[in-house]
Amino acid sequence: MTDPSAVLAVLRSPRLLTREALAGIVTTLALVPEVISFSVIAGVDPRVSLVASVVLLAVTTVLGGRPAMVTAAAGSVALVIAPLVHAHGTAYVLPAVLLGGLVQIAFGVLGLARLMRFVPRSVMIGFVNALGVLIFAAQVPHLIGVPWAVYPLFALTLAIVLLLPRLTTAVPAALVAIVVVTAAVLISGVAVPTVGDEGEVAGALPGLTALTVPLDLTTLSIIWPTALSVAFVGLMETLLTAKLVDRLTDTPSRKNRESWALGVANIGAGLWGGIGGCAMIGQTIVNVKAGGGRTRVSTAVAALFLLALLTLLGPVMAAIPMVALAAVMMVVAVTTVDWHSLNPVTLRRMPLPETAVMALTVAVVIATNNLAVGVGVGVLLAMVLFARRVAHVTRVEREVEGDVARYAVHGPLFFGSSNDLIDRFRVADDPQHAVVDLTHAQVWDASTVAALDAIEQRYADHGRQVRFEGLDERSTAFHSRLSGRLGE
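Right under this line is the structure:
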């Protein structure tokens with residue numbers, strides 16, 4: 487089913503519309519405390535992040551390429567903006583976010599999202615498992631050093647979230663748990679930490695963000711490192727989240743569209759709010775798994791409900807106990823982890839390099855508290871290990887027929903396999919003529935062309951002749967273009 491037809495199907499079905507609307511509501515409730523916490527990290531007013539989140543949700547709902555994915559003021563973006571705020575103040579956040587948004591638009595328009603195909607499965611699993619750890623760890627402070635009443639409320643929330651789905655799935659269990667626990671606190675009058683304690687969440691909406699610094703080269707020299715970090719950290723987390731939702735829902739997404747839509751959303755959020763964002767993985771999982779959201783309707787409801795909370799229902803939102811939201815997010819964290827990947831049977835069957843990549847991805851993410859860094863390191867290790875494995879696939883077979891030595895080369899030839907290629911030829915022992923058959927090989931880089939030139943020169947130094955044959959059309963063209971020219 488195409489995206490527009492899926493939305494129309496939801497709007498025509500009361501049951502589906504109810505499911506999507508409730509998913510959006512529970513997603514918003516899970517979103518608010520995280521956004522407020524991230525605003526503290528970034529050093530900006532909580533309302534700035536909440537208003538920016540409304541814009542991010544609304545724009546990506548309309549323009550984005552991955553339905554049901556939640557985009558808001560995220561912690562990863564807050565982490566890269568924080569040093570700029572601490573060093574130069576909040577005035578430089580707006581131009582940094584605007585420049586980052588332009589970079590994201592260019593990334594999407596140029597079709598660079600296809601680079602995500604180079605993220606291997608082991609990195610994706612490490613990403614998911616690390617995400618579960620980070621989500622869980624982020625909730626632990628809400629259970630330490632709190633009044634004793636928090637713990638019965640925590641147990642009540644867990645009981646509802648885990649047991650209610652066995653009775654009915656008509657409404658999200660997470661939403662029921664939040665409503666019941668909030669009502670219990672209001673009726674009993676017990677004092678526990680609430681969303682309102684995290685920061686101001688109600689009041690009049692701000693206008694457009696004022697630009698208070700000049701748009702000159704001095705400003706550019708200050709903001710460009712942060713702008714690039716905002717752009718690429720946001721893109722990486724968004725595209726990885728889109729890939730995860732693709733897998734959870736068994737539906738494709740348009741990642742180039744999602745990339746430029748994120749850029750447009752960040753420009754809008756910068757102009758009206760003042761801070762950027764990207765896909766929020768934990769809240770996306772709440773929407774998709776806990777709430778059952780599948781279309782743009784769920785995120786549209788989330789944007790509208792968040793706007794309503796900011797303008798009309800601030801006291802209601804402020805009264806929600808933090809323990810209820812923490813318990814919901816802990817359940818989400820536990821279900822996020824790919825437990826099958828950690829099963830001893832699976833680990834024994836899995837090749838050691840794959841396990842090493844997954845483990846390093848998890849370790850780096852947890853150590854840096856940055857999903858993008860962990861994924862980058864994981865991809866780099868996976869590339870190195872892959873190159874090492876492929877390099878060992880290449881083999882050379884020698885056969886002497888009269889006064890001709892024939893070498894048959896099998897496998898891909900690139901820097902990892904061709905640097906020692908010359909050592910596999912017994913030039914001194916060969917007869918006057920040699921033939922190198924490359925029918926079952928491919929030339930992939932300049933290192934290989936240089937290696938073939940070195941082999942030809944080695945035979946010439948010994949007064950012998952060598953001929954290469956069997957190259958496919960692409961390899962022949964590549965070899966002809968570079969052969970004899972790499973030393974110039």
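Using my numbering, read the sequence shown as starting at 487 and increasing by one per residue. Where is the CB? At the ideal position from N, CA and C, for every residue including glycine.
Nearest to S608 by alpha-carbon distance, out of A713, G575, P839, Q951, is P839.
In the pairwise beta carbon analysis, the region 693 to 705 is classified as touching the region 567 to 581: at least three pairs are separated by under 8 Å. Around E883, the same chain offers A894 as residues with beta carbons nearer than 6 Å, after the five sequence neighbours per side are excluded.
Under the three-state reduction of DSSP output, T925 falls in the strand class. Restricting attention to D947, H965, R910, H948, the CA atom closest to the CA of T934 is found in H965. Sixteen is the threshold: when 16 or more other Cβ atoms of the shown chains lie within 10 Å of the Cβ of V681, as they do, the residue is buried. Cβ-Cβ separation between T695 and G754: approximately 11 Å, too far for a contact (criterion under 8 Å).
By DSSP's assignment, G897 forms a beta bridge with A927.
Residue range 881 to 887 is occupied by the beta strand (DSSP E) that includes E887.
Between T514 and L748, the C-beta spacing is not below 7 Å. A check of alpha carbon separations from G768 across L497, L857, L648, L503 identifies L857 as the nearest. Each residue's CA atom was taken as its position, placing V667 and R552 some 33 Å apart.
For P807, DSSP records a beta bridge to T680. Taking every protein chain shown into account, the CB of M869 has fewer than 16 other CB atoms within 10 angstroms, so this residue is exposed. Cβ-Cβ separation between V929 and L957: approximately 7 Å, consistent with a contact (criterion under 8 Å). Here H965 carries a helix assignment [DSSP, helix/strand/coil]. Q951 is bridged by DSSP to H919. Between V632 and V678 the beta-carbon gap is near 7 Å, inside 8 Å, which marks them as a contact.
In the structure shown, R912 falls within a coil segment according to DSSP collapsed to helix, strand and coil. For A717, the uninterrupted alpha helix (DSSP H) run begins and ends at 703 to 735, by DSSP. Just measuring C-alpha positions, the residue of D824, N752, G759 sitting nearest L585 is N752.
Between G897 and the set D909, G888, R875, the nearest pair of CA atoms involves R875. If you compare the alpha carbons of D931, I771, S745, L799 with that of G594, the shortest gap goes to S745.
Boundaries of the alpha helix (DSSP H) around W825: 825 to 828. Around the beta carbon of Y945, a 10 Å sphere encloses 16 or more other beta carbons of the protein chains shown; the residue is thus reported as buried. In this structure, D916 is the residue among D916, L907, D909, F872 with its C-alpha nearest to the C-alpha of D889. With a cutoff of 7 Å on beta-carbon distance, V851 and G860 are scored as near each other.
Per the C-alpha coordinates, the member of T821, E887, V879, D683 positioned closest to P519 is D683. Shown here, R944 sits in a helix according to DSSP, grouped into three states. Below 8 Å, enough C-beta pairs join the region 554 to 570 and the region 759 to 776 to call them touching: three or more.
Here DSSP, grouped into helix, strand and coil, assigns T841 to helix. In the structure shown, A891 falls within a strand segment according to DSSP collapsed to helix, strand and coil. With respect to the C-alpha of L620, the residue from D923, R960, N855 having the closest C-alpha is N855.
Looking at the DSSP output, A937 shares a beta bridge with no other residue. The count of Cβ pairs closer than 8 Å, one atom from the region 634 to 646 and one from the region 773 to 790, stays below three, leaving the stretches out of contact. Around I664, the same chain offers L515, A810 as residues with beta carbons nearer than 6 Å, after the five sequence neighbours per side are excluded.
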